[in-house]
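Q: Shown below is the structure under consideration.
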Amino acid sequence: GEDVEQSLFLSVREGDSSVINCTYTDSSSTYLYWYKQEPGAGLQLLTYIFSNMDMKQDQRLTVLLNKKDKHLSLRIADTQTGDSAIYFCAERFKGNTPLVFGKGTRLSVIA
Amino acid sequence: DGGITQSPKYLFRKEGQNVTLSCEQNLNHDAMYWYRQDPGQGLRLIYYSQIVNDFQKGDIAEGYSVSREKKESFPLTVTSAQKNPTAFYLCASNNVGVNTEAFFGQGTRLTVV
């Protein structure tokens with residue numbers, strides 16, 4: 008079956024690194040995504056990783072994928088108050104199937 | 003300026019009334035989706051469509067209906083049969099291909115009064 012799990016809350020101090028974790032159940036997932044949602048808004052794609060990759064870095068964002076444990080993480084370096092939002096992990100099996108989302112992790116950044 | 007547009011941003015409905023939420027995209031995407039978001043529940047799939055004149059039920063389709071008469075448009079009707087319609091509704095679209103990033107609209111907040 009399809010299931011994506013995330014912890015619901017994370018609080019960090021400004022300037023520290025944030026690590027948001029996600030586990031998924033279907034090993035046939037082809038792409039895994041991280042989306043960001045600010046209050047009252049839609050979702051914005053932050054980054055994605057293909058299932059044959061272990062790591063992807065994009066400026067302050069680092070995505071790590073452990074296929075054996077079906078574990079995905081998003082690290083935000085030098086976290087800023089503007090990073091406060093809900094972060095969703097999502098998986099997709101094929102190009103025309105719907106994304107399956109986790110419940111989202113609410114990141115709070117303390118100044 | 004390409005994108006996906008949802009309207010209205012806020013919608014109020016009386017109990018017992020049907021209401022239709024609009025979703026339009028000019029990205030030439032084949033697939034379109036409707037999700038419902040409730041606090042602490044994440045995004046749950048209501049309906050999706052991969053091609054014009056065809057659509058499939060998602061996980062929580064009861065009390066909702068959709069149509070896909072045009073590629074650009076995928077309206078969602080919340081019927082009086084939906085028992086708890088108050089929620090934030092998100093529409094998304096993507097191409098069909100190898101890496102298919104989904105683009106989201108800004109959402110419609112529906113409140114039943």
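Here the protein sequences come in this chain order: F and B.
First residue of the first sequence? That's 8 in the working numbering, and the numbers climb one at a time after it.
First residue of the second sequence? That's 3 in the working numbering, and the numbers climb one at a time after it.
Note that beta-carbon positions come from the ideal geometry of N, C-alpha and C, so glycine has one too.
Since we're looking at a predicted model, the values are computed, not measured.
(1) So is Thr102(B) buried or exposed if we call it buried at 16+ other beta carbons inside 10 Å?
(2) At the 8 Å Cβ level, is Phe16(F) part of the contact set with chain B, yes or no?
(3) Considering only the alpha carbon of each residue, which of Glu71(B), Ile53(B), Ser24(B) and Gly65(B) lies closest to Thr104(F)?
(4) With distance defined between alpha-carbon atoms, name the residue in Tyr38(F), Cys29(F) and Ser25(F) nearest to Glu12(F).
(5) According to the neighbour-count rule (16 or more other Cβ atoms, all chains shown, within 10 Å of its Cβ), is Gly8(F) buried or exposed?
(6) Restricting to runs no shorter than 3 residues, where is the beta strand (DSSP E) found entirely within the segment 17-51 of chain B?
(7) With a threshold of 8 Å between beta-carbons, can Phe57(B) be considered close to chain F, or not?
(8) Considering only residues of the same chain and omitting the five flanking positions on each side of Ser75(B), which have a CB-CB separation below 6 Å?
(9) Closest to Glu76(F) by CA distance: which of Thr112(F), Gln44(F), Asp61(F) and Arg113(F) is it?
(10) How far does the beta strand (DSSP E) with Ser58(F) in it extend, from its first residue to its last?
(11) Excluding sequence positions up to five away, which residues of its chain have a Cβ less than 7 Å from the Cβ of Arg38(B)?
(12) Just curious, the beta strand (DSSP E) that Glu98(F) is in, first and last residue?
(13) Per the DSSP calculation, Leu15(F) is bridged to which residue(s)?
(14) Count the other CB atoms within 10 Å of the CB of Lys72(B); is the residue buried (16 or more) or exposed (fewer)?
(15) What in chain F is Cβ-close to Phe106(B), meaning under 7 Å?
(16) Taking Tyr31(F) as the reference, give the member of Gly49(F), Ser25(F), Ser14(F) and Asp10(F) with the closest Cα.
(17) At a Cβ threshold of 8 Å, is Phe108(F) touching chain B?
A: Well, looking at it:
(1) Against the second sequence, residue 102(B) aligns to sequence position 100. The residue in question, Thr102(B), is buried, as its Cβ has 16 or more Cβ neighbours within 10 Å.
(2) In the first sequence, residue 16(F) corresponds to position 9, counting from 1. Taking Cβ atoms only, chain B never reaches closer than 8 Å to Phe16(F), which makes this a no.
(3) Taking the first residue of the first sequence as 1, we reach residue 104(F) at position 97. Here the closest residue by C-alpha is Ile53(B).
(4) On the first sequence, position 5 is the one that residue 12(F) refers to. Checking every option, the nearest Cα to that of Glu12(F) belongs to Cys29(F).
(5) For the purposes of this step, residue 8(F) is taken as the residue at position 1 of the first sequence. The predicted position of Gly8(F) is uncertain, since its pLDDT is 47 and thus under 50; a value taken from the coordinates is nonetheless stated next. With fewer than 16 other Cβ atoms within 10 Å, it is exposed.
(6) 21-27 and 33-40
(7) Here the question's residue 57(B) lines up with position 55 in the second sequence. No, because no Cβ of chain F sits closer than 8 Å to the Cβ of Phe57(B).
(8) Counted from its first residue, the second sequence places residue 75(B) at position 73. Closer than 6 Å at the Cβ level, and outside the excluded window around Ser75(B), lie Glu26.
(9) Locating residue 76(F) in the first sequence gives position 69, where the first residue counts as 1. It is Asp, not Glu, that sits at residue 76(F) in the sequence shown. For the residues Thr112(F), Gln44(F), Asp61(F) and Arg113(F), the minimum Cα distance to Asp76(F) belongs to Asp61(F).
(10) The residue given as residue 58(F) occupies position 51 in the first sequence. No beta strand (DSSP E) contains Ser58(F), which DSSP labels as neither H nor E.
(11) Stepping through the second sequence from its first residue, residue 38(B) is reached at position 36. Excluding sequence neighbours, Arg38(B) sits near Arg46, Ile48, Ile62, Ala89 and Tyr91.
(12) For the purposes of this step, residue 98(F) is taken as the residue at position 91 of the first sequence. Here the beta strand (DSSP E) through Glu98(F) covers Ala92 to Arg99.
(13) Within the first sequence, residue 15(F) is the residue found at index 8, counting from 1. DSSP lists no partner for Leu15(F).
(14) Walking along the second sequence from the start, residue 72(B) turns up at place 70. Classified as exposed, Lys72(B) has fewer than 16 neighbouring CB atoms from the shown chains inside 10 Å of its CB.
(15) On the second sequence, residue 106(B) is found 104 positions in, with the first residue counted as 1. Within 7 Å Cβ-Cβ: Gly49 and Leu50.
(16) Position 24 of the first sequence, counted from the start, is the residue given in the question as residue 31(F). Ranking Gly49(F), Ser25(F), Ser14(F) and Asp10(F) by Cα distance to Tyr31(F) puts Asp10(F) first.
(17) Taking the first sequence and counting its residues from 1, the one referred to as residue 108(F) is at position 101. It does: the Cβ of Phe108(F) has a partner Cβ on chain B nearer than 8 Å.
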